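Residue numbers (our numbering), protein chains in the order written: chain A, 1244 to 1371; chain B, 154 to 522. Below: one structure, written as C-alpha cells.
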Amino acid sequence: MEIAEHLLYTKEHEWINIEDGEATIGISDYAQEALGDITFIELPNAGDEVEQFGEFVSVESVKAASDIFSPMSGEIIVVNEDLNEDPGLINKSPYEKGWIARIRISDSEEQSNLMTAEEYGKFLESVG
Amino acid sequence: MLSQEKYQKTPLYDEHITLKARMVGFGGWEMPVQYEGILKEHARTRHGVSIFDISHMGEFIIEGDCVESGLERIVTMSLRDLPVRSCRYGCILNERGGVIDDLIVFRMEERKWFIVVNGATTKKDAKHFQKHLKKEAVFRDVSLQTGKIDIQGPLSLNVLSSFVADVEKLNYYTCDYFDLLGERVLIGRTGYTGELGYEIYFPWDKIKDLWRQLIEHDSVEPAGLGARDILRIEMGYSLYGHELGEDISPLESGLNRFISFEKDFIGKSALLKQKEEGLKKKIAGISSKSRRAPRCGQKIYLESGGEIGVITSGTFSPSLKTGIGLGFVAVQHAHQGTVVLFGDSKGKSTATISSRAFYKSGSLHSEKS
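Next up, the structure:
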C-alpha cells in the first residue's frame, strides 16, 4: 500500500495536492484497492462549486458504485478527461495519472481538517 | 474479517488464502470474490482458461426410475427422454409456480441421477426432494463429500486433456466418469460463463490436490465469484435470488424452454393459469448507453417518467465496454429497442431494452479450442 508523502488525506481516502491556491484531487491507493477495478467515473464540470467533504464525483467499480468527496471547498478548474476512456488509470496510478480534478481553493484554512501522510498511515492502521 | 461461525468453508479455503484472494460471504459460504482483479480474471476466462472453486454447490444422488420414484414430477424439464451420460437444466417449483431452485440433473445410469443445486438452497432443496420422492427412491445428499472445480475458457479443453484421457469426447451438456489423479470422477461439459468449459466433481477431502495441480499448469489461473458474476450476466444467465425466486414464475424469468408441459410436475397448474391470464412482468436485458452500470434494486422508468420495472443484476461489461443488466419489466413495455432510464433518486441513466444474450462471441459450443 503506497501513501504518497507530499499529499493531504481525508478519512474517506481522498488526497489533495495544494499548490498556490489551486489543488489536484484524487483517491488513495488504499481506496482504489478497496474499490476494485474502476469501470466508470462521472466527472464534474469545470466551473462547478464543491464543498469540503461534499459529494464530488461518483465512481463505479466491478463491485459497486461509490461517491468520492472533495477534500476542500472550491471551484473546479479542469477535470482529467482521460478517465472517461480509461477509468482504470485510477487503479494503475492513483496519485499521478489517475488524478480526478483540479480546483481553485476557496478557503485554505480547511487544510486543518485534513491528515498528513503520516497521520493517514496511522489512520489506516487504526481502521485495520 | 468474516466471522468464523457464520460461514461454511470449502475444502479449498486455505488455497484461496494462500493465493491472497479477497473472501466474501456468499449464500452461507466464505468464497473468493477475486484474486488478482476481477477484470483480469474475466478476460482470462473469455480468452484463455480459469478455474473456479464451486464446492459450495449442493449435490444429491437419487436412485430409481424417474417416473416411479416421483423425480419426474419434481423437476420442470423432461427426464424420461434424457440419454444416459447427459444432463438437463431446469427448476423445482412450489405449488404457486415459484422457483424453489434452479438445477442440473445428470442421468448417470438408466436409474441413477446426480443433481446439482445452489449452495444457499441445498438444505431447502433436499427437504423438498425427500418430501416428494416416493418410498422406493433412494435419496442421498452428498454435498459435503463432493467438491467442485469449474474449468472454463477456450483453452479449457487443452488444459484438461493433459490431465484426463478422452475428455474431448464430451459434447455440450453431456457427462461421464473419467480417471483423474487416481480417482474415478464425474465431469460434465457445462458451465456458467458462456465459454467452452467443464465442471469437475471431485472428492471433498482430495480436491486440494486437483486444485494445486491445475494451478501449476502454465495457462491456468484462478478466478473468483466477481468475474463469474460478470461472465454470467454477459450471457444473460439467471442467478437464484436475483432473477429466480419463490415469488417469481419461471415464465417471467424466461425459462420456458426448460419446462416440459407434456408431463405433470409440481407447480404446473399455477403456470398454466399464468399462461392463460397472461404475465404481468417479464425478464429483459438492459443495455446502458454508457459505461454506467445498472445495479440490483434500481428502478426502470420510461423516458416519460413512469416506473415500469426493477433491475435484478447489473455490471459493467468488459466485453462490450458498456453497462449491462437484467431486470423485470411490465410486459407491455418489454420490447427490445425501447429506450428506458435506470437509476434511483440520486440520478438516472439511459439504456435500451435488449436481448439478454449480451455477449455473443463465446467459445461455448466450439468443438475444438
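Cβ coordinates follow ideal geometry from the N, Cα and C atoms, glycine included. Please read all numbers here as calculations on a predicted model, not as lab measurements.
Give me the residue from the options with the minimum Cα distance to residue i.
i: B:Ser470; options: B:Asn409, B:Met388, B:Thr491 and B:Asp206; result: B:Met388
i: B:Ile439; options: B:Asp497, B:Val258 and B:Arg448; result: B:Arg448
i: B:Ile506; options: B:Lys499, B:His518 and B:Val482; result: B:Val482
i: B:His285; options: B:Ser222, B:Gly394, B:Ile464 and B:Tyr393; result: B:Ser222
i: B:Asp294; options: B:Ile302, B:Ile304, B:Thr275 and B:Gly250; result: B:Thr275
i: B:Asp255; options: B:Ser441, B:Lys301 and B:Ser391; result: B:Ser391
i: B:Gly335; options: B:Glu456, B:Gly459 and B:Leu363; result: B:Leu363
i: A:Ile1268; options: A:Ala1277, A:Glu1276, A:Tyr1252 and A:Ile1281; result: A:Tyr1252
i: B:Lys280; options: B:Met261, B:Ile204, B:His486 and B:Ile245; result: B:Ile245
i: B:Glu399; options: B:Ala423, B:Ile207 and B:Phe414; result: B:Ala423
i: A:Trp1258; options: A:Lys1365, A:Glu1298 and A:Ala1274; result: A:Ala1274
i: B:Lys501; options: B:Ile461, B:Thr468, B:Gln451 and B:Ser508; result: B:Gln451
i: A:Ile1319; options: A:Pro1330, A:Lys1335 and A:Glu1265; result: A:Glu1265
i: B:Arg445; options: A:Ile1346, A:Asn1288 and A:Ser1304; result: A:Ser1304
i: A:Ser1271; options: A:Pro1337, A:Arg1347 and A:Glu1368; result: A:Pro1337
i: B:Thr475; options: B:Ile204, B:Ala504 and B:Gly458; result: B:Ala504
i: B:Ala376; options: B:Thr299, B:Val202, B:Ser443 and B:Tyr166; result: B:Val202
i: B:Ile412; options: B:Leu165, B:Val228 and B:Lys193; result: B:Val228
i: B:Asp234; options: B:Lys361, B:Glu415, B:Ser457 and B:Ile207; result: B:Glu415
i: A:Glu1298; options: B:Ile207, B:Lys499 and B:His518; result: B:Lys499
i: B:Lys442; options: B:Glu430, B:Gly458, B:Thr491 and B:Gly250; result: B:Thr491
i: B:Pro236; options: B:Gln366, B:Glu189 and B:Glu263; result: B:Glu263
i: B:Tyr188; options: B:Thr198, B:Arg199, B:Met176 and B:Ala196; result: B:Met176
i: A:Thr1282; options: A:Asn1288, A:Asp1310 and A:Pro1330; result: A:Pro1330
i: A:Glu1324; options: A:Ala1289, A:Asp1280 and A:Asp1310; result: A:Ala1289
i: B:Arg509; options: B:Lys426, B:Ile477, B:Val338 and B:Thr327; result: B:Ile477
i: B:Gln305; options: B:Met230, B:Ala196, B:Tyr393 and B:Asp218; result: B:Ala196
i: B:Gly243; options: B:Gly394, B:Arg410, B:Gly480 and B:Ser519; result: B:Arg410
Closest Cβ-Cβ distance between residue i and chain D: below 8 Å?
i: A:Glu1303; result: Protein chains in the displayed structure are A and B, and chain D is not among them.
Would you list the one or two residues that DSSP bridges to residue i?
i: B:Gln305; result: B:Ser203 and B:Gly350
i: B:Leu455; result: B:Val493
i: B:Cys219; result: Its beta-bridge partners do not exist; DSSP assigns none.
i: B:Gln161; result: B:Trp182
i: B:Thr505; result: B:Ser440 and B:Val492
i: B:Phe481; result: B:Ile436 and B:Val463
i: B:Asp329; result: B:Ile340
i: B:Phe292; result: B:Ile215
i: A:Ile1246; result: Note: A:Ile1246 sits in no beta bridge, so no partner.
i: B:Arg365; result: DSSP lists no partner for B:Arg365.
i: B:Pro447; result: Looking at the DSSP assignment, B:Pro447 forms no beta bridge with any residue, so it has no partner.
For residue i, which residues in the same chain have their Cβ closer than 6 Å to its Cβ, ignoring the five residues on either side in sequence?
i: B:Lys359; result: none
i: B:Arg385; result: Tyr345
i: B:Asp278; result: Asp254 and Val270
i: B:Met261; result: Phe267
i: B:Asp329; result: Arg238
i: B:Met154; result: For B:Met154, the predicted model reports a pLDDT of 48, less than 50, meaning its position is unreliable; a value from the coordinates is still stated below. Cβ neighbours of B:Met154 beyond the five flanking positions: none.
If you drop the 5 nearest sequence neighbours on each side, which residues of the same chain put their C-beta closer than 8 Å to that of residue i?
i: A:Leu1326; result: Ile1284, Leu1286, Leu1332, Ile1333, Gly1341 and Ile1343
i: A:Gln1354; result: Leu1251, Ile1261 and Met1315
i: B:Val320; result: Leu310, Leu313, Ser314, Phe331, Ile340 and Tyr351
i: A:His1249; result: Asn1260 and Ala1360
i: A:Gly1364; result: Ile1246
i: B:Gln161; result: Gly181, Trp182, Glu183 and His209
i: B:Leu432; result: Ser402, Leu404, Glu405 and Val484
i: B:Ser522; result: Bear in mind that a pLDDT of 39 at B:Ser522, under 50, signals an unreliable position, so the number given afterwards is only what the model happens to contain. So the list reads Pro307, Leu308, Ser309, Leu310, Asn311, Leu349 and Ser516, once near-sequence residues are dropped.
i: B:Asn247; result: Ile253, Glu399, Ile419 and Gly420
i: A:Lys1244; result: For the sequence presented, residue 1244 of chain A should be read as Met rather than Lys. Around A:Met1244: Asp1272, Tyr1273, Glu1276 and Leu1367.
i: B:Leu333; result: Phe316, Val317, Ile340, Ile353, Phe355 and Leu363
i: B:Trp357; result: Pro164, Ser208, Leu297, Gln298, Thr299 and Gly300
Contact check, residue i vs residue j under 8 Å by CB: the rounded distance?
i: B:Gly350; j: B:Val186; result: No, B:Gly350 and B:Val186 are not in contact; Cβ-Cβ is about 20 Å, not under 8 Å.
i: B:Glu212; j: B:Ile268; result: 7 Å
i: B:Glu396; j: B:Ile436; result: 6 Å
i: B:Ile383; j: B:Ile191; result: 7 Å
i: B:Leu473; j: B:Phe511; result: 6 Å
i: B:Arg342; j: B:Tyr325; result: 6 Å
i: B:Val493; j: B:Ile453; result: 5 Å
i: B:Lys434; j: B:Gly462; result: 7 Å
i: A:Ala1308; j: A:Ser1301; result: 6 Å
i: B:Ile204; j: B:Lys301; result: With 8 Å as the limit, B:Ile204 and B:Lys301 do not qualify as a contact, their Cβ atoms being about 11 Å apart.
i: A:Ile1348; j: A:Val1293; result: A:Ile1348 to A:Val1293, Cβ: 10 Å. No contact.
With a CB to CB cut of under 7 Å and the five nearest residues on each side skipped, what residues in its chain are close to residue i?
i: B:Phe292; result: Phe213, Ile215, Phe282, Gln283 and Leu286
i: B:Asp417; result: Arg226
i: B:Phe179; result: Leu378
i: B:His488; result: Ile506
i: B:Gln347; result: Contrary to the premise, residue 347 of chain B reads as Gly rather than Gln in this sequence. Hits under 7 Å: Leu384, Glu387, Met388, Tyr512, Gly515 and Leu517.
Mind checking whether the beta-carbon of residue i lies closer than 7 Å to any heavy atom of the ligand ADP?
i: B:Lys361; result: This structure does not include the ligand ADP; it has no bound ligands of any sort.
In chain order, each alpha helix (DSSP H) run of at least 4 residues that lies wholly inside the stretch 1315 to 1357 of chain A
1325 to 1328 and 1332 to 1335
Whole beta strand (DSSP E) elements within the stretch 217 to 272 of chain B, 3-residue minimum:
239 to 246, 252 to 262 and 265 to 270
Uninterrupted alpha helix (DSSP H) stretches inside the stretch 381 to 432 of chain B (no shorter than 4 residues)
421 to 430
For the stretch 1246 to 1283 of chain A, which segments carrying the alpha helix (DSSP H) assignment without a break, of at least 4 residues, lie completely within its bounds, in sequence order?
1272 to 1278
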